[in-house]
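Student: Quick one: the structure is below, questions incoming.
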Amino acid sequence: MVGNKLTGADLKHVTIQDTFWGKYIDLVDEVILPFQWDLINDRVEGAEKSYCIRNFRIAAGKETGEHKGMVFQDTDAAKWLEAVACSLNKKRNESLEAAADQAIDLIAAAQCEDGYLNTYYTITGNKRWSDLFEGHELYTAGHMMEAAVAYFEATGKRKFLDVMCKFADHLCLVFGPEEGKIHGYPGHPEVELALVKLYRVTENRNYLWLADYFVRTRGERPCYFLNEDCIKNGNYIFPEFKDFSLDYNQSHMPLKEQETAEGHCVRAVYLYSAMADLAYEYQDGALTSQCETLWENIVNKRMYITGSIGSAAYGERFTADYDLPNDTNYSESCATVGLAMFSNRMFHLTRDGKYMDIVEKALYNTLLAGIAMDGTHFFYVNPLEVVPEVAKNPTYRHIKTTRQLWFGVACCPPNIARTLASLGNYIYASDDSTIYVNLFIRSRMECQLSGVGIRVSQECDYPENGTVTLSISPEKPGSQFTLAVRIPSYCKGAVLKINGKEETGTLERGYLYLNRIWEMEDTVVMELNVPFRYVRSNPRVRHNIGKVSLMRGPVVYCLEEADNGKYLSGVVVDTSVEPQEEFDHQLLRGTLCARLQGSCIDYEKAGDSLYGEERPVYKQAELKAIPYFCWNNRGEGEMTVWMREKE
């Protein structure tokens, strides 16, 4: 383990000026956050109601009524507040801050005297902590804690933080190994990583200890959940839970024995993120090794090429190694966010670039596919193949063929918003002597290395262009430190020059390390080879045998009906012909696309008979591929990522 801990950049000190990412970040600030504030206040016509703010008003005694929405409905407000905090950390906005303060005042008013906070249990009067398996009390508490920490860091205001510290103190009195305490843990992991965040801000080690307790006792035999009423007597809040085994929430065996990613994907990656946090805080090599094992299983056997996870809709879960269907998969946006969180934490633990490769893949593909460019429509599920007419089949009832305004379970839209608003956390990292450049996004970052101020400015047009220019400006010219620049694993060649002179540096685990004495405005220019390339999956993925996908850098491409007509499953691509660049000025305000050569079935000659002995007739076709994140921005239609390959 490395003693000199790596930390992410402070959002206050990162300015993103990127043409590509800037339009999404501006959407968060200008459209998404105000829109979602209206949504959780139930003021958007045509959208499913949230009831979130209404529930807080009832719990606070400001109006009367019954609780509505899910047991975890409070998290609509929590994730919105965290996204607002990340936005305010970059740039103050008086109207957003006033709305956030209004929500926080309401949350504080709804808190019970002993610190407990949950509108569902407060309003219904149901017994607290009696249904950890599915009641989501600790999950909801976790998102509230994350929001409170983010808001304190952004504004310096303590009210929300104090509310959640009082709640965390209550949890420390309720849970633990001592006699008289509850010896359980969350059915839906989340509070574990949140408690670590709360510890880092407050330095109250009780919070770190409780996070550790929840993680280390999970799955101990006999499993705690087996004694709860829902499992013993079948009194479930969610009826489908009766069909789920304990691996659904990763409690089927002690965590130290788990070597494969199982169950509900979001629960899994939130739990693994907490494990990585604890490994980081305690410098625990064994826990780090287990995190590595679980991560490798996900990325090498259970992850889609788009960086999404979740092969089955039923249970929103992992299934088996290499089981990756493209049209019935779940690939929840929240799960991709969680995988990016887990991977980023693993990078901080190990300084291995392979983890940031996955962060990059998740961000450029599934995360962005989850949001329309109007900022008001979202995907919850992210398939890799869609045929709208076939989606009427009940097997595909989880698939939406167009983005939605909102969802009854609305975890994904604010999760996308908070990730975009906190993008600066992923771009850079540093320790006492090294600055890491992880993502190639036009930006500026300031940090301190051993008390010396350093400014790094990044110019690029990635991944359309592989030229990345870094300007390094130490506060004290003549300062010695190390710059570490990630070389993506897909990159077959990279040339680096400092002030016009080619340098080799030291390549280690995906990073090129440049240790030198830096002067003001030293310039590092890196030329990455970022061509279009065809990618094939392991032949054990039976759904993709004989098929190929197209990528450029981290970006996955797809075919869409708007460009190529219907029956995309009948398209055959000639991979012996190099894809040709084509810039589409209309698509998402300007997007790099690709022209491919191939053929397709001539359906006009196919006839109407269901079965026959004749072979299909093929005709030459020029195909247009667009980035996966662009799909469904031009109306409903077919889409596919994997294409049949000409033999």
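Take the sequence shown: its letter number 4 is residue 1123 in this note's numbering, and every next letter is one higher.
Even glycine gets a Cβ: it sits at the ideal position worked out from N, Cα and C.
1) Within this structure, are the beta carbons of valine 1154 and threonine 1495 separated by less than 8 Å?
2) Can you give me the C-alpha to C-alpha distance between valine 1691 and arginine 1763, rounded to a whole angstrom?
3) Let's see if you can read the secondary structure: which residues bound the alpha helix (DSSP H) around threonine 1274?
4) Given this structure, state the Cα-to-Cα distance separating tyrosine 1441 from leucine 1633, to the nearest angstrom.
5) What three-state label does DSSP hand asparagine 1751 in the structure shown?
6) Report the start-end ranges of each beta strand (DSSP E) in the region 1656 to 1726 that is 3 residues or longer and not cut off at the edges.
7) In three-state DSSP terms, what is proline 1533?
8) Smallest Cα separation from threonine 1321: which of Ala1267, Arg1628, Glu1298, Val1310?
9) Taking DSSP as the reference, what is the three-state secondary structure of alanine 1395?
10) State the CB to CB distance for the pair proline 1698 and leucine 1647, rounded to an integer number of angstroms; the pair is presumed to be in contact (CB under 8 Å).
11) Applying the 10 Å Cβ sphere with the 16-neighbour rule, what's the burial state of valine 1190?
12) DSSP state of tyrosine 1088, grouped into three classes?
13) Within the continuous alpha helix (DSSP H) that includes tyrosine 1545, where are the two ends?
14) Do the region 1191 to 1198 and the region 1235 to 1245 meet, that is, are 3 or more Cβ pairs less than 8 Å apart?
15) With burial defined as no fewer than 16 other Cβ atoms inside 10 Å of the residue's Cβ, what is the status of histidine 1186: buried or exposed?
16) Three-state secondary structure (DSSP) at tyrosine 1401?
17) Residues bridged to phenylalanine 1497 by DSSP?
18) In chain order, what residues of the same chain have a beta carbon less than 7 Å from the beta carbon of glutamate 1359, not counting five sequence neighbours either side?
19) Enumerate in chain order the residues of its own chain whose CB-to-CB distance from methionine 1120 is below 6 Å, with the five nearest sequence positions on each side excluded.
20) Is it buried or exposed for glutamate 1256, if we count other Cβ within 10 angstroms and need 16 for buried?
21) Which partner residues does glutamate 1565 have in the DSSP bridge list?
22) By alpha-carbon positions, which one of Asn1419, Ala1548, Gly1619 ends up nearest to valine 1133?
23) Grouping DSSP H, G and I as helix and E and B as strand, with all else coil, what is lysine 1181?
24) On the three-state DSSP scale, how would you describe histidine 1132?
25) Below 8 Å between beta carbons: does that hold for lysine 1666 and tryptophan 1525?
26) Can you look up alanine 1166 in the DSSP assignment and give me helix, strand or coil?
27) In whole angstroms, give me the CA-to-CA distance for serine 1742 and glutamate 1757.
28) Evaluate proline 1296 with the Cβ neighbour count: other Cβ atoms within 10 Å of its Cβ, from every protein chain shown; 16 or more gives buried, anything less gives exposed.
29) Could you tell me which whole alpha helix (DSSP H) segments of length 4 or greater appear in the region 1193 to 1254?
30) Secondary structure at glycine 1127, three-state DSSP: helix, strand or coil?
31) Which residues bound the beta strand (DSSP E) around arginine 1635?
32) Just curious, the alpha helix (DSSP H) that tyrosine 1318 is in, first and last residue?
33) Between isoleucine 1636 and glutamine 1599, how many whole angstroms is the CB-CB distance? I'm expecting something under 8 Å.
34) Considering only the alpha carbon of each residue, which of Pro1746, Arg1324, Phe1252, Asn1174 lies closest to aspartate 1366?
35) Would you give the residue range spanned by the alpha helix (DSSP H) that valine 1282 belongs to?
36) On the three-state DSSP scale, how would you describe phenylalanine 1357?
Tutor: Walking through what the data contain:
1) In the sequence on display, residue 1154 carries phenylalanine and not valine. Going by C-beta atoms, phenylalanine 1154 is nearer than 8 Å to threonine 1495.
2) Taking the straight line joining both Cα atoms gives about 5 Å.
3) In the DSSP assignment, threonine 1274 falls within the alpha helix (DSSP H) that extends over 1256 to 1274.
4) Distance between tyrosine 1441 and leucine 1633, taken at the CA atoms: about 39 Å.
5) Of the three classes helix, strand and coil, the one that applies to asparagine 1751 here is coil, per DSSP.
6) The qualifying runs are 1666 to 1671, 1674 to 1679, 1690 to 1692, 1699 to 1703, 1710 to 1720.
7) In this structure, proline 1533 counts as helix in the three-state DSSP scheme.
8) Measuring from the Cα of threonine 1321, the nearest candidate turns out to be Ala1267.
9) Reduced to three states, the DSSP call for alanine 1395 is helix.
10) With 8 Å as the limit, proline 1698 and leucine 1647 do not qualify as a contact, their Cβ atoms being about 18 Å apart.
11) In the assembly as shown, valine 1190 is a buried residue. Its beta-carbon has 16 or more other beta-carbons within 10 Å.
12) No answer is possible for residue 1088: it lies beyond the span of the chain, which begins at 1120 and ends at 1766.
13) DSSP places tyrosine 1545 in the uninterrupted alpha helix (DSSP H) bounded by 1543 to 1546.
14) Yes, since at least three Cβ pairs between the region 1191 to 1198 and the region 1235 to 1245 fall closer than 8 Å, the two stretches touch.
15) Classification of histidine 1186: buried, given that the 10 Å Cβ count is 16 or more.
16) The DSSP-derived three-state label of tyrosine 1401 is helix.
17) Phenylalanine 1497 pairs with Ile1490, Gln1523.
18) Answer for glutamate 1359: no residue qualifies.
19) Caution applies to methionine 1120, whose pLDDT of 38 falls short of 50 and renders its modelled position unreliable; the value that the coordinates give is listed next. Cβ neighbours of methionine 1120 beyond the five flanking positions: Gln1402, Gly1404.
20) By the C-beta density criterion, glutamate 1256 is buried, having at least 16 other C-beta atoms within 10 angstroms.
21) Glutamate 1565 pairs with Arg1574.
22) Out of Asn1419, Ala1548, Gly1619, Ala1548 has the C-alpha closest to the C-alpha of valine 1133.
23) Here lysine 1181 sits in coil by DSSP.
24) It is helical.
25) No, the Cβ-Cβ distance between lysine 1666 and tryptophan 1525 is not below 8 Å.
26) Note: alanine 1166 maps to coil in three-state DSSP.
27) Contrary to the premise, residue 1742 reads as leucine rather than serine in this sequence. Roughly 14 Å between the two C-alpha positions.
28) Only exposed fits proline 1296, as fewer than 16 other CB atoms lie within 10 angstroms of its CB.
29) Entirely contained in the region 1193 to 1254, the alpha helix (DSSP H) runs reaching 4 residues are, in chain order, 1193 to 1209, 1213 to 1229, 1238 to 1243.
30) Per DSSP, reduced to three states, the secondary structure at glycine 1127 is strand.
31) Taken as a continuous stretch (DSSP letters only), the beta strand (DSSP E) holding arginine 1635 covers 1630 to 1637.
32) Taken as a continuous stretch (DSSP letters only), the alpha helix (DSSP H) holding tyrosine 1318 covers 1310 to 1321.
33) That belief holds up - the Cβ atoms of isoleucine 1636 and glutamine 1599 are roughly 5 Å apart, short of 8 Å.
34) Relative to aspartate 1366, the option among Pro1746, Arg1324, Phe1252, Asn1174 whose CA is nearest is Phe1252.
35) Run containing valine 1282: 1278 to 1293, per the alpha helix (DSSP H) assignment.
36) Looking at phenylalanine 1357 - three-state DSSP - the assignment turns out to be coil, as it is neither helix nor strand.
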